[in-house]
Amino acid sequence: MIRTVHDVYGSLWDDEVLFSVKKILKTIYVVHLPEEENLLAEAPLYSTVIVLKNPTILLEATILAKGFRHCISKDREDFAFELLMASLMCYSPTILTKNKLPFSFANFIKEKGEATVESPTFYLSGSSTQDKKKLIEDFSEFLNSDHRTKIIRELAVEIADELFSNAFFHSGATRNQAGELTTMKRGDDMFLSVEKEINFFATIDQNSLTIGCEDPFGTLDRTQLLNHLLRSYSTDSVSPELGTGGTSIGIKMVIDNAASTYFYCEKGKRTIVACTLLLKGLYQNLKLTKHLHIISVDN
Amino acid sequence: MNTNAFSVDINETPTETKLTFHGSLSESGALPTIPNKDKTIVIDMLDIKYINSYGIKLWCQWVSQNTTTKLIFQNCPFVFVKHLSAIRGMWTENMQMKSFFVPFYSEASQERKDVLLVDGTHFTKSGVKEFQQVFDSKGIEMELDVNANTYFEFLK
Chain A
5 MIRTVHDVYG SLWDDEVLFS VKKILKTIYV VHLPEEENLL AEAPLYSTVI
55 VLKNPTILLE ATILAKGFRH CISKDREDFA FELLMASLMC YSPTILTKNK
105 LPFSFANFIK EKGEATVESP TFYLSGSSTQ DKKKLIEDFS EFLNSDHRTK
155 IIRELAVEIA DELFSNAFFH SGATRNQAGE LTTMKRGDDM FLSVEKEINF
205 FATIDQNSLT IGCEDPFGTL DRTQLLNHLL RSYSTDSVSP ELGTGGTSIG
255 IKMVIDNAAS TYFYCEKGKR TIVACTLLLK GLYQNLKLTK HLHIISVDN
Chain B
3 MNTNAFSVDI NETPTETKLT FHGSLSESGA LPTIPNKDKT IVIDMLDIKY
53 INSYGIKLWC QWVSQNTTTK LIFQNCPFVF VKHLSAIRGM WTENMQMKSF
103 FVPFYSEASQ ERKDVLLVDG THFTKSGVKE FQQVFDSKGI EMELDVNANT
153 YFEFLK
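As you go down the protein sequences, you meet chains A and B in turn.
Position one of the first sequence corresponds to residue 5 (our numbering), numbered consecutively onward.
Position one of the second sequence corresponds to residue 3 (our numbering), numbered consecutively onward.
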């Protein structure tokens with residue numbers, strides 16, 4: 005019989021945290037793979053967290069392609085945190101942008117009059133691909149300000165670069181009226197109107213660095229993304245696409261550099277792609293088992 | 003000054019051409035045309051900050067145009083080496099590694115040290131000979147901070 009997150013993992017969190025989320029955790033289900041594979045058919049897609057031992061991204065993408073939204077790696081040190089995040093996102097997918105709890109991304113998304121920031125935070129809005137130079141310079145400085153993030157700065161800067169470029173070149177800014185991506189040279193400058201600018205955010209907390217990028221288009225296609233991941237992770241090595249357009253390896257570089265990756269899309273409204281990196285050196289982030297979340301919400 | 007801007011210093015001697023790379027390789031960078039393909043090219047990567055996905059594409063295209071030239075690499079940082087086994091076309095048979103950095107980490111002191119491994123002394127074509135012990139500022143032994151199964155694969 006399928007069990008709830010509270011039934012199985014209620015003891016993972018201290019009383020204070022549990023008190024505030026107990027009701028939620030009682031409504032979210034958990035399925036462990038491979039041992040509970042027989043429960044997958046009855047598991048509600050949007051309110052089930054899939055927990056795996058030593059998963060590959062390929063396996064996680066295969067499971068997410070069935071319609072589930074959250075795959076969590078049980079063998080990682082941040083399992084409890086990630087399970088809580090996944091459960092909260094199951095309960096309310098928009099928690100990424102609206103919740104005020106310190107463990108959501110909401111603190112870093114600038115909603116007018118809603119900023120409640122306690123952790124060191126970096127924020128940059130960009131309306132041009134030329135803003136990436138400033139982003140990389142300023143973000144590098146931000147990372148160097150804390151010795152724990154300085155250690156993993158190369159991973160973080162690579163992610164920042166890819167997220168910022170993808171937000172421009174894979175967003176609504178480069179789509180025709182039919183919603184299809186139009187080919188743009190990556191070396192070309194692209195300009196957006198101020199109300200359509202790209203928002204980059206990062207914060208450092210006790211254990212992790214969170215990096216993310218939000219665009220105001222909401223055009224991320226879950227199926228296309230998953231097909232791309234299935235292709236990218238079905239071989240040991242990849243090669244970039246030739247030509248002057250995108251490379252098709254950028255999102256793999258993002259996932260490979262981070263401990264967790266979140267894709268969140270409110271159709272026609274916004275897309276957020278965010279990553280969490282652990283502040284425990286490079287390997288804890290580079291190791292092959294990751295957490296992966298892909299959420300697409302139709303409004 | 004934009005310290006991330008990509009640039010290349012070129013120094014010619016009668017027998018070799020030395021290229022010293024600086025900054026980050028991305029869509030705003032350009033790799034140099036090799037003036038004399040008969041000479042050995044020595045590439046110093048010490049000052050490379052990072053390579054984005056488009057930089058990797060530029061690199062793979064550049065490599066494919068220079069398959070007959072001997073390319074010798076030195077002082078290769080983590081940001082370059084980490085891609086060598088993961089990306090097809092990054093590392094080819096006409097390339098030779100002289101020295102590259104390996105990151106070590108101490109959880110106790112939260113310190114990172116990048117140790118330079120040198121061809122012949124620390125590694126050969128069949129792999130790393132033996133890892134030297136690396137210590138943090140408190141004298142605690144540090145741990146290898148990359149996946150040994152993939153990071154050194156390009157040597158083989």
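Idealized CB from N, CA, C, for every residue including glycine.
Could you round the C-beta distance between residue i and residue j to whole angstroms and report it? I think they count as a contact, below 8 Å.
i                            : j                         : result
leucine 224 of chain A       : serine 300 of chain A     : 7 Å
alanine 65 of chain A        : leucine 230 of chain A    : 6 Å
isoleucine 43 of chain B     : leucine 73 of chain B     : 5 Å
proline 37 of chain B        : threonine 19 of chain B   : 7 Å
serine 111 of chain B        : lysine 140 of chain B     : 5 Å
glutamate 29 of chain B      : glycine 191 of chain A    : 5 Å
phenylalanine 173 of chain A : lysine 136 of chain A     : At roughly 11 Å, the Cβ-Cβ gap does not stay under 8 Å, so phenylalanine 173 of chain A and lysine 136 of chain A are not in contact.
valine 258 of chain A        : isoleucine 140 of chain A : Wrong, their Cβ atoms sit about 15 Å apart, outside the cutoff.
alanine 171 of chain A       : aspartate 219 of chain A  : 4 Å
Only counting the same chain, and skipping five residues up and downstream in sequence, which positions put a Cβ closer than 6 Å to that of residue i?
i                         : result
leucine 49 of chain A     : Gly71 and Phe72
isoleucine 253 of chain A : Val242 and Pro244
isoleucine 89 of chain B  : Ile58
methionine 46 of chain B  : The amino acid occupying residue 46 of chain B in the given sequence is aspartate; methionine does not appear at that position. Taken in chain order, the residues that qualify are Thr22, Gln76 and Asn77.
valine 12 of chain A      : Val34
glycine 91 of chain B     : Cys62
tyrosine 132 of chain A   : The amino acid at residue 132 of chain A is misidentified as tyrosine; the sequence shows serine. Cβ neighbours of serine 132 of chain A beyond the five flanking positions: Phe195.
serine 108 of chain B     : Asp138, Ile142 and Met144
Do we get a CB-CB distance below 9 Å when we pair residue i with the residues of chain A?
i                         : result
alanine 110 of chain B    : no
glutamate 145 of chain B  : yes
proline 37 of chain B     : no
asparagine 96 of chain B  : no
cysteine 2 of chain B     : The question about residue 2 of chain B has no answer here: the residues shown for chain B are numbered 3 through 158.
glutamine 63 of chain B   : yes
isoleucine 53 of chain B  : yes
isoleucine 43 of chain B  : no
lysine 84 of chain B      : yes
isoleucine 142 of chain B : no
asparagine 68 of chain B  : no
asparagine 6 of chain B   : yes
proline 105 of chain B    : yes
lysine 59 of chain B      : yes
serine 26 of chain B      : yes
For residue i, I'd like the list of residues in its chain whose CB is within less than 8 Å of its CB, leaving aside the five on either flank, ordered along the chain.
i                            : result
valine 25 of chain A         : Trp17, Leu88, Ser91 and Leu92
glutamine 134 of chain B     : Val117 and His124
phenylalanine 103 of chain B : Asn77, Cys78, Pro79, Phe80, Val83, Asp116, Val117, Leu118 and Leu119
glycine 285 of chain A       : Ile155 and Ile156
threonine 5 of chain B       : Gly25 and Lys51
With a CB to CB cut of under 7 Å and the five nearest residues on each side skipped, what residues in its chain are close to residue i?
i                            : result
phenylalanine 154 of chain B : Gly129 and Val130
leucine 68 of chain A        : Cys75, Leu230, Leu296 and Ile298
threonine 293 of chain A     : Asn58, Pro59, Ser77, Asp79 and Arg80
alanine 278 of chain A       : Phe109, Thr214, Ile215, Gly216 and Tyr266
I'd like to know whether the C-beta of residue i is nearer than 9 Å to at least one C-beta of chain B.
i                         : result
arginine 152 of chain A   : yes
leucine 290 of chain A    : yes
arginine 190 of chain A   : yes
glutamate 202 of chain A  : Per the sequence presented here, residue 202 of chain A reads as isoleucine, with glutamate not at that position. Isoleucine 202 of chain A does not count as touching chain B.
glycine 285 of chain A    : yes
leucine 233 of chain A    : no
proline 124 of chain A    : no
glutamate 162 of chain A  : yes
proline 106 of chain A    : Low confidence applies here, because proline 106 of chain A scores a pLDDT of 40, under 50, leaving its location unreliable; read the following figure in that light. No - not a single Cβ of chain B is within 9 Å of the one on proline 106 of chain A.
proline 244 of chain A    : yes
lysine 70 of chain A      : no
lysine 137 of chain A     : yes
serine 238 of chain A     : no
isoleucine 140 of chain A : yes
Going by DSSP, name the residue or residues bridged to residue i.
i                            : result
aspartate 147 of chain B     : Paired residues: none, contrary to the question.
phenylalanine 103 of chain B : B/Leu118
histidine 297 of chain A     : A/His74 and A/Tyr266
phenylalanine 2 of chain B   : Chain B is shown only over 3 to 158; residue 2 of chain B falls outside these bounds and no answer can be derived.
arginine 307 of chain A      : Only positions 5 to 303 of chain A appear in the structure, and residue 307 of chain A is not among them; the question remains open.
tyrosine 127 of chain A      : A/Phe205
glutamine 98 of chain B      : B/Ile74
leucine 281 of chain A       : A/Leu213
isoleucine 89 of chain B     : A/Val242
Worksheet item: Taking the runs of the beta strand (DSSP E) that are 3 residues or longer, which of them lie wholly in the stretch 14-86 of chain B?
Response: Correct list: 18-27, 42-53 and 73-76.
Discussion item. To test your reading of the DSSP string, which unbroken alpha helix (DSSP H) runs of 4 or more residues are found completely within the stretch 212-244 of chain A?
Written reply: 226-236
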